[in-house]
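Reviewing the structure listed below.
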Amino acid sequence: AKDGYELWLDYRPIENSIMRSEADRLFSGIFFFGKNPTYEAIQKELQLAAPKMTGKAPIFSNERLNQTQVWLGTREELAQVFGLQDQVTIRNLGEDGYWMGPVVFQGKTYFTIVGNRPVGVLYGVFEWLKSLQNGSFDLNKVKMESPKIQLRMLNHWDNLDRTVERGYAGFSIWDWHRLPVYIDPRYIDYARANASIGINAVSLTNVNANARILTTDFMKKAKVLADIFRPYGIKVFLTARFSAPIEIGGLKTADPLDPEVIAFWKKKTDEMYQHIPDFGGYLVKANSEGQPGPHEYKRTHAEGANMLADALAPHGGVLIWRAFVYSHEIDEDRHKQANLEFEPLDGKFRENVIIQVKNGAIDFQPREPFHPLFGAVKQTNLGVEFQITQEYLGQATQLVYLSPMWKEVLQSKTYRPTPTSTVAGIVDGSDSGQKLTLMAGVSNIGTDRNWTGHLFGQANWYAFGRLAWDPYLSSEQIAEEWTKLTFGQNPENLVNIKEIMLNSHEAAVNYMTPLGLHHIMGWDHHYGPGPWVTGGRADWTALYYHRADSIGIGFDRTATGSKALEQYAPEIIRAWSDSEQIPEKYLLWFHHLPWDYTMKSGKTLWEEIGIHYDHGVKSARTMKATWESLNGAIDPEQFSHVSQLLGIQVQEAEWWRNACLLYFQSISKRPFPSEIEQPE
Ligand code: GCW
């Protein structure tokens, strides 16, 4: 039985016999054109994969010709076997790209994988193994790939005591207590998994940071992880607490313009690079939710970020500064605060600074329109931050495939800087022209045997990596890849599992927050419904966001309300200001409308709210029923794990529906539409 530890690197026996004998032949003669730790990692991967896929160990040859079938190396190592034209083509694939295909040499064809750096070869090998598994491998086909985004990064919100903020799969996999001496084999499997989907950067620690990570003792621990990850092409970043000069530096201030503070960070950073010569840089959350920052000293985000960026620059490091900032002291719609703070700073950040922007303006809600900072600044590097961990989406209990949600944001038209710009085009530089590019995902990984708590959480980790590599891939293709690697090739299973995955996000939105509703979840833990939540600071309550009253429901962010909509491009302002034109999925995000408002369907808003919740519950039941049809067709342990969790998901969909509809009914004072199952 399968417990999920192997992730998508399970390397099942190849079912197709032609493919299997082809794999057999290729694995029987592998030649590396050089020697380095990345090639050793490839060798280990093949030693693991080949016996599982074909029943035989791979044979590595010391002799380039004769028995050799597969050639692996960098463009430079293989220079002699490629013509000038091919050399240029391969060079243009950049640092992380790869080329694979047949190379004919003295009358014999060698299947060849080439990168500009060893890590490109590694990415190519993973792709090759995938194609052998899913039967798409074709010796005569040339395949070239290069990632569209430079920094493809996981953000762990892991604390030094191994608790994980918003982590639902056990404790942190970083065993700080036993590092630097004890090396958990998980570290290597973690690196393999990330490299197999192109993830090349990882921030190890929570953005609500602890300054101790910057002490020499912890640097030594982080160094060990960096050494393990390096052959897999993964760079380590750490979170920097802005007040560290006070907490671990013995200074009285953390003012970014203070010479002693500047010297502290320079010295710290120099020391870091002594331990980790390819250290990625710092990730900073400042002046947000009580975290320290430059505002304490009347300095701007730019002054804070630039000071750290200057310390990193001589070493080639990158400073990532989050745009998730809001303060309850400012009497302003939280939706607007990032733009209010960052737009005036456009052009003021150093070249090695990236502003990391959440996909939406509030906080990883089940559905958010894209963040208005995308398109609003022209001379600032913007990265996007997605949340892989399902803080607001049923945590590790519910099956919600997140790729469709991320794609919706990536494909959104920003209309700026050009009329055809999209969020993806800003983030990958094709529309924005920015040179430094980043996609970050808040990790859902923990010590659970299967890494992510819910088996389908693995699909979200996988999808994140694939979209960071290529934000234009379809959710369907990614679901298909993951499903085949996880559950095998059975076409009927594939259809069923894909259907469950592709419907799951819309289902969750419907039973949680349909039609643009948001932030109506349980207090603090963020699990389950809580549209009644009140008390404490206003912008942490549900009432602040849904604004239901005797007349209607929704948050007016148009010109008659908070005016947050005005932060978008004129094309969007025009269309979305109009309750008839705005996509209904964003309706109550921007409009406060009467309960009896007529929707596109001809029904009233109140009726449509009921119908959406009802629909969400029914979709959850369908997901469960579809899964039950797989009984016997997939591994029993995997089957039962997901089956039980879907059982909870159905109950919780009902819980959300009942709680939200009954609560809103106490305000709307209207009967539920007769066609829906009546909540109780
Ligand atoms: O989503 C909210 C979470 C906080 C988190 C914060 C952030 C790390 O509830 O737990 O803190 O966002 O993104 O900084």
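All the letters of the sequence shown, read from the start, carry residue numbers -1, 1 to 679 under mature numbering (1 follows the signal peptide of the UniProt record, and there is no 0).
Here a beta-carbon is modelled for each residue, glycine too, at the ideal position from N, C-alpha and C.
Open item on the list: Is the separation between the beta-carbon of W70 and that of F125 shorter than 8 Å?
Closed with: Reading the sequence shown from its first residue, position 71 is the one you call residue 70. Reading the sequence shown from its first residue, position 126 is the one you call residue 125. No; because the gap between Cβ atoms is not below 8 Å, this pair is not in contact.
Open item on the list: Tell me the residue span of the beta strand (DSSP E) that contains N154.
Closed with: Counting from 1 along the sequence shown, the entry for residue 154 is found at position 155. Its beta strand (DSSP E) spans residues L150 to N154.
Task: Which listed residue (Q650, M99 and V102) has its alpha carbon closest to that of G393 - done: Along the sequence shown, one-based indexing puts residue 393 at 394. Ranking the options by Cα distance to G393, first place goes to Q650.
Task: Of the residues K107, T603, Y10 and P513, the one placed nearest N133, counting alpha carbons only - done: By 1-based counting over the sequence shown, the position of residue 133 is 134. N133 has its Cα closest to that of Y10, out of K107, T603, Y10 and P513.
Open item on the list: Nearer than 7 Å: is that true of the beta carbon of F323 relative to any heavy atom of the ligand GCW?
Closed with: As a position in the sequence shown, residue 323 is number 324, starting the count at 1. Taking 7 Å as the cut-off, one finds at least one heavy atom of the ligand GCW near enough to the beta carbon of F323.
Open item on the list: Can you give me the C-alpha to C-alpha distance between A478 and Y296, rounded to a whole angstrom?
Closed with: Taking the sequence shown and counting its residues from 1, one reaches residue 478 at position 479. Taking the sequence shown and counting its residues from 1, one reaches residue 296 at position 297. Approximately 48 Å between the Cα atoms of the pair.
TODO: Assign E384 to one of three DSSP states: helix, strand, or coil.
DONE: As a first step, residue 384 must be located in the sequence shown, where it is residue number 385. Three-state DSSP puts E384 in a strand.
- [ ] Determine the extent of the alpha helix (DSSP H) in which Y510 is found, giving its start and end residues.
- [x] Here the question's residue 510 lines up with position 511 in the sequence shown. Its alpha helix (DSSP H) spans residues P490 to M511.
Open item on the list: Less than 6 Å between C-beta atoms, sequence neighbours within five positions excluded: which residues of the same chain meet that for F228?
Closed with: Numbered from 1 along the sequence shown, position 229 holds the residue referred to as residue 228. A190.
TODO: Inspect the CB distances between the region 46 to 55 and the region 79 to 97 and report whether three or more fall short of 8 Å.
DONE: no
Open item on the list: Judging by CA-CA distance, which residue of S171, R656, W450 and Y567 is the nearest neighbour of K608?
Closed with: Numbered from 1 along the sequence shown, position 609 holds the residue referred to as residue 608. Going by the sequence as given, residue 608 is Ile instead of Lys. Ranking S171, R656, W450 and Y567 by Cα distance to I608 puts R656 first.
- [ ] Let me know the secondary structure DSSP gives Y585 once reduced to three states.
- [x] Against the sequence shown, residue 585 aligns to sequence position 586. Correct three-state label for Y585: helix.
TODO: Could you tell me which residues DSSP puts in a beta bridge with R465?
DONE: Taking the sequence shown and counting its residues from 1, one reaches residue 465 at position 466. Beta-bridge pairing links R465 to no other residue.
Open item on the list: Can you tell me which residues form a DSSP beta bridge with F104?
Closed with: By one-based count along the sequence shown, residue 104 stands at place 105. Answer by DSSP bridge pairing, in chain order: K107.
Open item on the list: Using C-beta distances below 6 Å, list every residue in its chain close to M500, excluding the 5 sequence neighbours before and after it, in chain order.
Closed with: Numbered from its first residue, the sequence shown carries residue 500 at position 501. Excluding sequence neighbours, M500 sits near Y400 and A478.
TODO: Examine the ligand GCW and report whether any of its heavy atoms sits within less than 7 Å of the Cβ of Y165.
DONE: Taking the first residue of the sequence shown as 1, we reach residue 165 at position 166. According to the sequence as given, residue 165 is Arg; it is not Tyr. Within the cutoff, so yes.
Task: Cβ neighbour criterion (16 or more within 10 Å) applied to W606 - done: Counting from one through the sequence shown, the residue named residue 606 turns up at place 607. With the sequence shown as reference, residue 606 is identified as Glu, and Trp is not the correct amino acid for it. Answer is buried; the Cβ neighbour count reaches 16.
TODO: Determine, using beta carbons only, whether Q433 and A423 come nearer to each other than 8 Å.
DONE: Reading the sequence shown from its first residue, position 434 is the one you call residue 433. Reading the sequence shown from its first residue, position 424 is the one you call residue 423. In this structure, A423 does not lie closer than 8 Å to Q433 by Cβ.
- [ ] Starting from the C-beta of V118, find all residues in its chain whose C-beta is less than 7 Å away, skip the five residues before and the five after it, and write them out in chain order.
- [x] Here residue 118 refers to the residue found at position 119 when the sequence shown is read from its first residue. Only T37, D95 and G232 meet the Cβ criterion.
TODO: Could you tell me if R177 is buried or exposed, where buried requires 16 or more neighbouring beta carbons within 10 angstroms of its beta carbon?
DONE: The residue given as residue 177 occupies position 178 in the sequence shown. Answer is exposed; the Cβ neighbour count stays below 16.
TODO: Give every residue of the same chain whose Cβ lies closer than 8 Å to the Cβ of L592, excluding the five residues on either side of it in the sequence, and list them in chain order.
DONE: Sequence index remark: in the sequence shown, residue 592 carries index 593 (1-based). Once the five neighbours on either side are set aside, the close Cβ partners of L592 are G551, I552, G553, S578, L586 and L604.
Task: Any non-hydrogen atom of the ligand GCW within 7 Å of F369 CB - done: Taking the sequence shown and counting its residues from 1, the one referred to as residue 369 is at position 370. Checking the Cβ of F369 against the ligand GCW gives no.
- [ ] State whether the region 302 to 315 contacts the region 358 to 372, with contact taken as three or more CB pairs (one from each stretch) at a distance under 8 Å.
- [x] Short answer: they don't touch.
Open item on the list: Going by beta-carbon coordinates alone, are N199 and K234 separated by less than 8 Å?
Closed with: Along the sequence shown, read from residue 1 onward, the residue named residue 199 stands at position 200. Along the sequence shown, read from residue 1 onward, the residue named residue 234 stands at position 235. For the 8 Å CB-CB criterion, N199 and K234 form a contact.
Open item on the list: Give me the DSSP bridge partner(s) of Y97.
Closed with: The sequence position of residue 97 within the sequence shown is 98, counting from 1. Looking at the DSSP assignment, Y97 forms a beta bridge with G114 and E144.
Task: Local conformation of V598 per DSSP, three classes - done: Here residue 598 refers to the residue found at position 599 of the sequence shown. The sequence shown places Met at residue 598, not Val. M598 falls in the coil class under three-state DSSP.
- [ ] Rounded to whole angstroms, what's the CA-CA distance from A239 to L213? Just pull it up for me.
- [x] Locating residue 239 in the sequence shown gives position 240, where the first residue counts as 1. Locating residue 213 in the sequence shown gives position 214, where the first residue counts as 1. About 8 Å.
Open item on the list: Output needed for residue 683: all residues of its chain with C-beta closer than 6 Å, excluding positions within five of it in sequence on either side, in chain order.
Closed with: For residue 683 there is no data in the structure shown, the boundaries of the chain being -1 and 679.
TODO: Alpha carbon to alpha carbon, how far is T446 from A308? Give it in angstroms, no decimals.
DONE: Against the sequence shown, residue 308 aligns to sequence position 309. Against the sequence shown, residue 446 aligns to sequence position 447. Cα-Cα distance, rounded: 33 Å.
Task: Reference P530, options G114, M520 and D538, closest by Cα - done: For the purposes of this step, residue 530 is taken as the residue at position 531 of the sequence shown. Per the Cα distances, M520.
Open item on the list: Three or more C-beta pairs under 8 Å: does that hold for the region 457 to 472 against the region 133 to 151?
Closed with: Under the 8 Å Cβ criterion, the region 457 to 472 counts as touching the region 133 to 151, having at least three qualifying pairs.
Open item on the list: Give me, in chain order, the residues of the same chain whose beta-carbon lies closer than 8 Å to that of I247; leave out the 5 immediate sequence neighbours on both sides.
Closed with: Numbered from 1 along the sequence shown, position 248 holds the residue referred to as residue 247. Cβ within range, chain order: A210, R211, L213 and T214.
Open item on the list: What I want to know is whether the C-beta of V641 ends up closer than 7 Å to one or more non-hydrogen atoms of the ligand GTP.
Closed with: Here the bound small molecules are the ligand GCW; the ligand GTP is not part of this structure.
Open item on the list: the ligand GCW and E627: does any heavy atom of the ligand fall closer than 7 Å to the residue's C-beta?
Closed with: As a working note, residue 627 is residue 628 in the sequence shown. Not so, every heavy atom of the ligand GCW lies at least 7 Å from the Cβ.
Task: Simplified DSSP assignment, three categories, for Q364 - done: To locate residue 364, count along the sequence shown from 1; it is residue 365. Looking at Q364 - three-state DSSP - the assignment turns out to be coil, as it is neither helix nor strand.
Task: Contacts around residue 704, its chain only, beta-carbon distance under 8 Å, and the 5 residues preceding and following it disregarded - done: Outside the shown range of the chain (-1 to 679) lies residue 704, about which nothing can therefore be said.
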